[in-house]
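S.K.: Per my numbering, the very first residue in the sequence shown carries number 33; after that it's consecutive.
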Amino acid sequence: MKKYDVIAIGELLIDFTQNGLSEQGNGLFEANPGGAPCNVLAMLTRLGKKTSFIGKVGSDEFGRILKRSLTELHIGTENLLMDEEIHTTLALVHTFADGDRDFSFYRNPGADMMLREDELDLNLIADTRLFHFGTISMTHDAVRAATKKAIATAKAAGALVSFDPNIRESLWKSLDDAKEQVRWGLGQCDILKISDNEIQWYTGEEDFTAGVRKIRSEFPIPLILVSMGRDGSRAYYGDGFVEAAPFLQENTIETTGAGDTFCACVLNYVLDHGLENLTEAQLKEMLVFANAAASLITTRKGALRVMPTVEEVENFLTHR
Numbered sequence: 033m034k035k036y037d038v039i040a041i042g043e044l045l046i047d048f049t050q051n052g053l054s055e056q057g058n059g060l061f062e063a064n065p066g067g068a069p070c071n072v073l074a075m076l077t078r079l080g081k082k083t084s085f086i087g088k089v090g091s092d093e094f095g096r097i098l099k100r101s102l103t104e105l106h107i108g109t110e111n112l113l114m115d116e117e118i119h120t121t122l123a124l125v126h127t128f129a130d131g132d133r134d135f136s137f138y139r140n141p142g143a144d145m146m147l148r149e150d151e152l153d154l155n156l157i158a159d160t161r162l163f164h165f166g167t168i169s170m171t172h173d174a175v176r177a178a179t180k181k182a183i184a185t186a187k188a189a190g191a192l193v194s195f196d197p198n199i200r201e202s203l204w205k206s207l208d209d210a211k212e213q214v215r216w217g218l219g220q221c222d223i224l225k226i227s228d229n230e231i232q233w234y235t236g237e238e239d240f241t242a243g244v245r246k247i248r249s250e251f252p253i254p255l256i257l258v259s260m261g262r263d264g265s266r267a268y269y270g271d272g273f274v275e276a277a278p279f280l281q282e283n284t285i286e287t288t289g290a291g292d293t294f295c296a297c298v299l300n301y302v303l304d305h306g307l308e309n310l311t312e313a314q315l316k317e318m319l320v321f322a323n324a325a326a327s328l329i330t331t332r333k334g335a336l337r338v339m340p341t342v343e344e345v346e347n348f349l350t351h352r
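#1: Determine the closest residue to residue 52 out of 140, 124, 62, 163, with distance taken between C-alpha atoms.
#2: Report the start-end ranges of each alpha helix (DSSP H) in the region 190–235 that is 4 residues or longer and not cut off at the edges.
#3: Tell me where the alpha helix (DSSP H) around residue 314 begins and ends.
#4: In whole angstroms, give me the CA-to-CA distance for residue 309 and residue 50.
#5: For residue 60, which residues of its own chain have a beta-carbon under 8 Å away from its beta-carbon, when the five flanking residues on both sides are left out?
#6: Taking the beta carbon of residue 286 as the centre, do at least 16 other beta carbons fall within 10 Å, making it buried, or is it exposed?
#7: Are residue 92 and residue 121 close, meaning C-beta to C-beta below 7 Å?
#8: Determine whether the beta carbon atoms of residue 289 and residue 226 lie at a separation below 7 Å.
#9: Between which two residues does the beta strand (DSSP E) containing residue 256 stretch?
#10: Counting only the same chain and skipping the five closest in sequence on each side, list residues whose C-beta sits under 8 Å from that of residue 188.
#11: Residue 305 lies in the alpha helix (DSSP H); which residues open and close that run?
#12: Taking the continuous beta strand (DSSP E) assigned at residue 338, which residues delimit it?
#13: Do the region 320–328 and the region 98–118 make contact, defined as three or more Cβ pairs closer than 8 Å?
#14: Excluding the five sequence neighbours on either side, which residues of its own chain have a C-beta within less than 6 Å of the C-beta of residue 138, listed in chain order?
#15: From this set, 209, 244, 179, which residue's C-alpha is nearest residue 220's C-alpha?
#16: Taking Cβ positions, are residue 22 and residue 274 nearer each other than 7 Å?
#17: Give me, in chain order, the residues of the same chain whose beta-carbon lies closer than 8 Å to that of residue 280; leave out the 5 immediate sequence neighbours on both sides.
#18: Could you give the DSSP three-state label for residue 141: helix, strand or coil?
#19: How should residue 207 be labelled, buried or exposed, when 16 other C-beta atoms within 10 angstroms of its C-beta is the threshold for buried?
#20: How should residue 213 be labelled, buried or exposed, when 16 other C-beta atoms within 10 angstroms of its C-beta is the threshold for buried?
#21: Checking the sheet assignment: what are the DSSP bridge partners for residue 178?
#22: When the Cα of residue 153 is compared with those of 126, 184, 167, which residue comes out closest?
#23: Using CA atoms only, rank isn't needed, just tell me which of 291, 348, 347 is closest to residue 74.
#24: Whose C-beta lies closer than 7 Å to the C-beta of residue 344 among residues of the same chain, with five residues either side of it excluded?
#25: Going straight from the alpha carbon of residue 349 to that of residue 149, what length do you get?
#26: How big is the Cα-Cα spacing for residue 334 and residue 268?
#27: Could you tell me which of 224, 252, 211, 259 sits nearest to residue 236, measuring between CA atoms?
#28: Just to confirm, are residue 76 and residue 296 a CB contact at a threshold of 7 Å?
#29: Tell me, which residues are paired with residue 285 by DSSP?
#30: Considering only their Cβ atoms, is the gap separating residue 243 from residue 196 smaller than 7 Å?
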């Protein structure tokens with residue numbers, strides 16, 4: 033028996049999201065704890081899974097807020113480090129009229145980049161059923177080495193590995209470098225969650241099925257999830273795929289965290305049902321719940337601290 037269900041490595045940061053205007057007409061920004069890997073862990077914890085996070089924040093007020101947030105959410109912080117010299121990474125979230133968003137990062141450097149291989153708690157990593165990662169912890173040499181060491185340790189201990197590329201173009205020296213690291217990640221994972229624009233960018237295929245086929249020709253990943261935004265989601269498994277429609281909201285505020293919420297629900301389903309012999313009905317059930325949870329998070333500011341409960345998702349599905 034493993035102590036943890038899921039451990040994730042990566043960025044933990046502050047998302048500054050616009051929340052109205054001042055009397056002078058200036059934008060007011062709310063400091064929301066964020067970072068894709070921790071968003072995933074926050075939803076998994078809501079779903080009853082035991083989680084822990086590996087990363088680094090600054091030894092500053094934002095870093096203390098982030099560590100306190102994880103503790104309050106019951107996400108383990110045993111391998112969350114505080115950097116005495118480099119500040120916590122910040123991101124300004126620019127929200128568009130349709131709820132989509134773009135990010136401006138203050139990370140040159142940021143504390144999340146400073147995690148080193150020798151700072152990893154390898155015993156912790158070996159004690160999880162599933163290990164989750166993205167590419168933001170692979171943009172620079174030191175944290176890249178730490179990420180790869182952590183994944184190797186988890187795999188050697190028998191953990192499933194999940195990967196969400198979560199490409200943020202501005203953080204990379206070049207997109208060729210980003211593509212190289214995505215390719216490495218594809219070779220490590222059992223579960224891939226990839227967005228519509230990411231699979232088109234990586235494979236050069238407009239058709240998602242053609243893109244999945246191209247990925248699988250080199251990397252036989254058992255379960256590939258394609259999140260398609262307003263078009264729903266697909267689960268590619270075996271020789272086919274299952275698709276589920278989205279739940280579009282009239283009161284969507286922003287889409288930050290929607291993909292992470294979706295990803296967490298998929299990982300939760302795999303932890304409960306295994307990765308072998310999943311039926312079409314099970315895949316459909318998995319996608320419908322994940323789409324519903326993702327829809328709910330779009331009606332809330334931020335993500336990490338406001339993930340929906342199981343009861344909220346089930347109630348939403350009952351009354352949709």
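In this text, a Cβ means the ideal position worked out from N, Cα and C, and glycines have one as well. Every value quoted in this text rests on a predicted model; they were computed, and no experiment measured them.
M.R.: If we stick to the structure as given:
#1: Comparing Cα-Cα distances from residue 52 to each of 140, 124, 62, 163, the minimum goes to 62.
#2: Whole alpha helix (DSSP H) segments, 4+ residues: 207–218, 228–235.
#3: Run containing residue 314: 312–329, per the alpha helix (DSSP H) assignment.
#4: Just so you know, the alpha carbons of residue 309 and residue 50 end up roughly 45 Å apart.
#5: Correct list, in chain order: 50, 51, 52, 53, 54.
#6: Looking at its Cβ environment, which holds 16 or more other Cβ atoms inside 10 Å, residue 286 is buried.
#7: In this structure, residue 92 keeps its C-beta atom at 7 Å or more from the C-beta atom of residue 121.
#8: Taking a C-beta distance under 7 Å as the contact criterion, residue 289 and residue 226 do not qualify as a contact pair.
#9: It spans 255–259 - the beta strand (DSSP E) in which residue 256 sits, taken as one unbroken run.
#10: Within the same chain, and ignoring the five residues on either side of residue 188 in sequence, the residues whose Cβ sits closer than 8 Å to its Cβ are 158.
#11: Note, residue 305: alpha helix (DSSP H), 290–305.
#12: In the DSSP annotation of this structure, residue 338 is not part of any beta strand (DSSP E), being labelled neither H nor E.
#13: When Cβ pairs closer than 8 Å are counted between the two stretches, the region 320–328 is seen not to touch the region 98–118, the count staying below three.
#14: If we look at residue 138 and ignore the five residues flanking it on each side, its Cβ neighbours are 122.
#15: Closest by alpha carbon: 179.
#16: Past the edges of the chain, shown from 33 to 352, lies residue 22, and the structure says nothing about it.
#17: So the qualifying residues of the chain are 262, 327.
#18: Here DSSP, grouped into helix, strand and coil, assigns residue 141 to coil.
#19: A residue is called buried when at least 16 other Cβ atoms come within 10 angstroms of its Cβ; residue 207 does not meet this threshold and is exposed.
#20: By the neighbour-count criterion, in which a residue is buried when 16 or more other Cβ atoms sit within 10 angstroms of its Cβ, residue 213 is buried.
#21: Paired residue(s): none; residue 178 is not in a bridge.
#22: For residue 153, the nearest C-alpha among the options comes from 184.
#23: Nearest option by C-alpha distance: 291.
#24: Excluding the 5 residues flanking it on each side, residue 344 has same chain C-beta neighbours closer than 7 Å at 328, in chain order.
#25: Between the alpha carbons of residue 349 and residue 149 lies a distance of about 43 Å.
#26: Approximately 29 Å, taken between the alpha carbons.
#27: Among 224, 252, 211, 259, the Cα nearest to that of residue 236 belongs to 211.
#28: Residue 296 sits close to residue 76, with the two beta carbons spaced by under 7 Å.
#29: Residue 285 pairs with nothing; no bridge assigned.
#30: No, Cβ-Cβ distance for residue 196 and residue 243 is not below 7 Å.
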